[in-house]
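Here the structure comes first, spelled out in structure tokens, and everything after it is commentary.
Protein chains: 2
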Amino acid sequence: MPDDLPNAVYSANSLFMSRASDTAYEKIRSFILYGEARPGMQLTEERLSEIAGVSRTPVRDAVQRLENEMLLVRSASKRLSVADWSDDEIDEMFALRAMLECHAAERAAQRMDGGGLARLREVNGLLTAAVDRAMPDVGTFLEANRQFHDLILEYAQSPRLSKLLPALVEQPVVRRTANQYSGEDLIQSAKDHDELIAAFAARDQDWAGAVMTSHIRRAFHSFSLATRDSDAA
Amino acid sequence: MPDDLPNAVYSANSLFMSRASDTAYEKIRSFILYGEARPGMQLTEERLSEIAGVSRTPVRDAVQRLENEMLLVRSASKRLSVADWSDDEIDEMFALRAMLECHAAERAAQRMDGGGLARLREVNGLLTAAVDRAMPDVGTFLEANRQFHDLILEYAQSPRLSKLLPALVEQPVVRRTANQYSGEDLIQSAKDHDELIAAFAARDQDWAGAVMTSHIRRAFHSFSLATRDSDAA
DNA sequence: TCTCCTTCTATTGTATACAATTGCTCTGCG
DNA sequence: CGCAGAGCAATTGTATACAATAGAAGGAGA
């Protein structure tokens, strides 16, 4: 099933994945995020090697990566299962993400240059075009949004942030509700990005950080409304 | 060489390590942090399997973990080397650690209970005793300090924080200069902990977070003085 | 019928052999 | 003398077989 999806849904990391452990990673990840995996579902390494089409050795590599991203969890007896997050953990994820992305924006503001601004404007142009119409193109929005944030991460020039943040961004809960975001939400995102670009252009790190924080926290708020309310109903 | 060291220097995670990949992890980690490894030094998986005394399979497991902690780095051609951090990266590490430990303290303040306070007081009693004398016992200080912060992390009740923070705490640069901290620094640390306990007892998350932030940032400042100045000389 | 123990099975962990890739050296040509 | 390419050596990546371990099932005794 992962082959049918647009590239947008894939991780930003590596577009070309030659090694078997990478294909295993992508396949298993898609299985969890967009496939028939369900939270709490038990899995075996052998089952996963069938899914990935490679032997257990590269699968174990991939599994360890996914454990680090907390998409998979191991029980005390080393058995694998798909992660199942509590509301508190999801809140926490957004809180951490807000902190780290704010920090990334602050650093990026200090290091931004003309080329970076041009690229940010270009990407956000695509994003704006995708949402500024009657029927928003959510797929394009998500892809452009990812590129925008990746660009900021790039200009933050912090290997450590680059390692920590991706595990917090594209997550099942986020993805599952992406289509529920209202057109207003999407348009506001584009405006946030415009303001971020302005802050970068001014090299004002506090401004950039503040915009980013509210950007993420508003996304969290929209997400909460979209899911928790419908769950309660 | 790792066998000669006190337990204090080991990672907090698992005291008993039965699996070969765990022993490999510990041995290689000690080799990097306290052994003859040098920043930038090239390594091969085979060399590491000699050091660890196990085959390459568990070594590769351990290596992946150490890559995540950024103690090991892979070049574009997949060759391994010991990480070599720039000053900017070290600054960044402290900044991130300060943010995350502050957040942990805030969460812990909301979730603290009598038992936790008692344990914190006990550990900090040991710590205070170790530093409140003419010749501070740095080893005991470090161990008690680690326990204290681990306890806070435990009460923060955030699996994600528990995964992210440890990779930021005990690092070569920190460890290498631990003995250079002045007696004043150590005593001030004990006082910070006392104030943290007070903030927890009051369940005042802002207070706890602020104390923690200044606690970490002072450590950073002491570290910078101890290293950068001597380097410059 | 419940509990404890034993046995068996499923699953994970490790070693080893081999494949694929990368870097290096040495040669031949310009 | 410099450089490009071929072959070789070193290193990483993958598959498979086997070992160790945890869970489950079944049976004996109270």
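Chains as they are written, first to last, in the numbering used here: chain V, -18 to 214; chain X, -18 to 214.
Each residue gets a CB set at the ideal place from its N, CA and C atoms; glycine is no exception.
Asked, Found
"Three-state class that DSSP yields for V/L152 in the structure shown", "The sequence shown places Gln at residue 152 of chain V, rather than the Leu named in the question. Coil at V/Q152, not helix or strand."
"Sequence-distant residues of its chain with Cβ nearer than 8 angstroms to V/R78 (five each side left out)", "L146, L149, V150, I197"
"Inter-residue Cα distance where the pair is V/A99 and X/E48", "33 angstroms"
"Cα-Cα separation between V/G96 and V/Y136, rounded to whole angstroms", "11 angstroms"
"beta-carbon X/V154 near the ligand SAM non-hydrogen atom, thresh 6 angstroms", "Although the ligand SAM was asked about, the structure shown includes no ligands whatsoever."
"Limits of the unbroken alpha helix (DSSP H) element including V/R37", "37 to 49"
"7 angstroms Cβ cutoff, X/Q91 in contact with chain V", "no"
"Residue burial classification, X/R209 (beta-carbon count within 10 angstroms, cutoff 16)", "exposed"
"V/M22 beta carbon less than 7 angstroms from that of V/V54", "no"
"Secondary structure of V/H202, DSSP reduced to three states", "helix"
"For X/A33 and X/T4, the rounded distance between their alpha carbons", "7 angstroms"
"Residue-chain proximity (V/M80, chain X), Cβ-Cβ < 7 angstroms", "yes"
"Status (buried if at least 16 other CB within 10 Å, exposed otherwise) for V/S203", "buried"
"Residue environment, V/S11, which counts as buried when at least 16 other CB atoms sit within 10 Å", "buried"
"Residues near X/S30 in its chain [Cβ-Cβ closer than 7 angstroms; skip 5 each side]", "S36, R37, V40"
"Neighbouring residues, chain X, relative to V/D218 (Cβ below 8 angstroms)", "Absent from the structure is residue 218 of chain V, since the part of chain V shown begins at -18 and ends at 214."
"Beta carbon proximity, V/N49 to chain X, threshold 7 angstroms", "yes"
"Amino acids of chain X, ordered along the chain, whose beta-carbon sits closer than 9 angstroms to that of V/R141", "M51, E70, E73, M74, L77, A148, L149"
"Three-state secondary structure assigned by DSSP to X/L53", "strand"
"The segment 116 to 135 of chain X contacting the segment 68 to 75 of chain X, beta-carbon criterion three pairs below 8 angstroms", "no"
"Euclidean distance between Cα positions of X/Q169 and V/Y6", "47 angstroms"
"At least 3 beta-carbon pairs within less than 8 angstroms: the segment 80 to 95 of chain V vs the segment 183 to 199 of chain V", "yes"
"With 16 other Cβ atoms within 10 Å as the buried cut-off, status of V/R0", "exposed"
"Cα-Cα separation, X/A189 to X/L177", "6 angstroms"
"Residue environment, X/E82, which counts as buried when at least 16 other CB atoms sit within 10 Å", "buried"
"Three-state secondary structure (DSSP) of V/S139", "coil"
"DSSP beta-bridge partners of X/V63", "X/L53"
"V/L146 - DSSP class collapsed to helix/strand/coil", "coil"
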